[in-house]
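*Asks:* Take the sequence shown: its position 12, counted from the start at 1, is 13 in this note's numbering, and no numbers get skipped.
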Amino acid sequence: MDMNKETQMNMKTPPVVSLQEWEDARQQLLVKEKEQTRARDAMAAARRRMPWLAVEKTYAFEGPAGKVSLHDLFEGRPQLILYRAFFEPGVFGWPDHACRGCSLGADQVAHLAHLNARDTTLAFASRAPQADIARLKTRMGWQMPWYTITDTFDTDFGVDEWHGTNVFFRDGDDRIFRTYFINNRGDEAMGSTWSYLDITPLGRQEEWEDSPEGYPQTVPYKWWNWHDEYSSGASPDPKWAKVIDNALVTLKPND
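1) May I have the straight-line CA-CA distance separating residue 85 from residue 195, to the nearest angstrom?
2) To the nearest angstrom, how far is it from the Cα of residue 239 to the Cα of residue 224?
3) Let me know if residue 43 comes out buried or exposed under the rule of 16 or more other beta-carbons within 10 Å of its beta-carbon.
4) Three or more C-beta pairs closer than 8 Å, one from the region 6-22 and one from the region 138-150: is that the case here?
5) Can you give me the Cβ contacts of residue 50 inside the same chain, cut-off strictly under 8 Å, excluding the 5 residues immediately before and after it?
6) Please say whether residue 128 and residue 89 have beta carbons closer to each other than 9 Å?
7) Would DSSP call residue 70 helix, strand or coil?
8) Please go through the region 8-64 and give each complete alpha helix (DSSP H) segment of 4 or more residues, from N-terminal end onward.
9) Out of 80, 153 and 161, which has the shortest C-alpha to C-alpha gap to residue 92?
10) In whole angstroms, what separates the C-alpha of residue 174 from that of residue 46?
11) Which one of 146, 97, 65 and 167 has the shortest CA to CA distance from residue 83?
12) For the region 158-193, which segments carrying the beta strand (DSSP E) assignment without a break, of at least 3 residues, lie completely within its bounds, in sequence order?
13) Would you list the residues sitting across from residue 85 in a DSSP beta bridge?
14) Here's the rule I'm using: 16 or more other beta-carbon atoms within 10 Å means buried, otherwise exposed. How should residue 77 be labelled?
15) From residue 116 to residue 192, what distance separates their C-alpha atoms?
16) Using a Cβ-Cβ cut-off of 9 Å, state whether residue 151 counts as contacting chain D.
So, in structure tokens, the structure goes:
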């Protein structure tokens with residue numbers, strides 16, 4: 002959209018004020034923003050207490066190396082976030098592109114290493130063949146695992162006629178549970194590491210979070226790393242840990 006000069010002149014913009022007036026207005030708005038942040042944290046805490054639904058059926062997908070199960074999509078981690086993207090014959094954009102909305106969402110996905118460091122796998126699923134998915138990912142520069150739906154998964158999990166994000170948990174006995182589902186405008190917020198972790202049963206796994214007893218939690222910020230330097234089981238870098246220890250004297254992670 003190109004905004005021309007005439008359009009700008011017809012806009013009823015807010016008043017132009019002094020620096021002090023601007024700061025006062027900013028502080029008033031900040032109070033409401035903090036309320037919204039705390040409400041979002043409370044909603045995430047409520048998600049972590051939602052009952053789970055056992056997945057009784059066995060589902061089959063196609064991946065780059067052939068047939069895989071829903072269990073395989075976890076890639077050995079306990080949490081799976083699975084987004085149903087529309088890319089298949091009959092969808093607007095086929096065969097060159099996936100749905101514009103799903104593609105906009107795919108463009109916003111943060112680096113997967115940060116989710117993986119929190120025992121979480123993000124994947125996409127569509128009904129397009131793997132050859133078409135591989136071609137699309139290369140063209141668009143997308144890195145997330147992307148599987149082909151081959152059975153009734155989309156119908157069973159509410160994503161046969163519309164996009165949606167399902168969240169699953171795999172326990173130590175390899176049982177799989179559906180823990181959350183979001184679609185419509187809820188999917189608009191997805192893409193950042195934080196928005197994804199906030200819909201998982203374990204959350205961000207930081208000490209400030211309100212989680213059920215026994216859930217894994219660590220000191221906030223210390224687990225953060227450059228996306229090419231995460232190492233399974235590695236301790237936080239001592240220098241980074243010192244930075245965080247100093248910051249936590251004044252910072253309130255849940256504020």
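We put the CB at the ideal spot given by N, CA and C, even for glycine. As the structure is a prediction and not an experimental result, all values here were calculated from the model.
*Replies:* Taking the geometry as given:
1) Rounded to the nearest whole angstrom, the CA to CA distance from residue 85 to residue 195 is 20 Å.
2) Rounded to the nearest angstrom, the two C-alpha atoms are 11 Å apart.
3) Burial call: exposed.
4) The region 6-22 is not in contact with the region 138-150.
5) Within the same chain, 213 come within 8 Å of residue 50 by CB-CB distance, once the 5 residues on both sides are set aside.
6) In contact: residue 89 and residue 128 (Cβ atoms closer than 9 Å).
7) In the three-state DSSP reduction, residue 70 falls in the strand class (E or B).
8) As for any alpha helix (DSSP H) of minimum length 4 sitting wholly inside the region 8-64, the runs are 20-48, ordered along the chain.
9) Relative to residue 92, the option among 80, 153 and 161 whose CA is nearest is 161.
10) Taking the straight line from one Cα to the other gives about 25 Å.
11) Relative to residue 83, the option among 146, 97, 65 and 167 whose CA is nearest is 167.
12) Taken in chain order, the complete beta strand (DSSP E) segments of 3 or more residues contained in the region 158-193 are 165-171 and 177-183.
13) Paired residues: 126 and 165.
14) Exposed, because fewer than 16 other Cβ atoms sit within 10 Å of the Cβ of residue 77.
15) Their backbone Cα atoms lie some 11 Å apart in a straight line.
16) Structure shown: chain D not included; a single protein chain is present.
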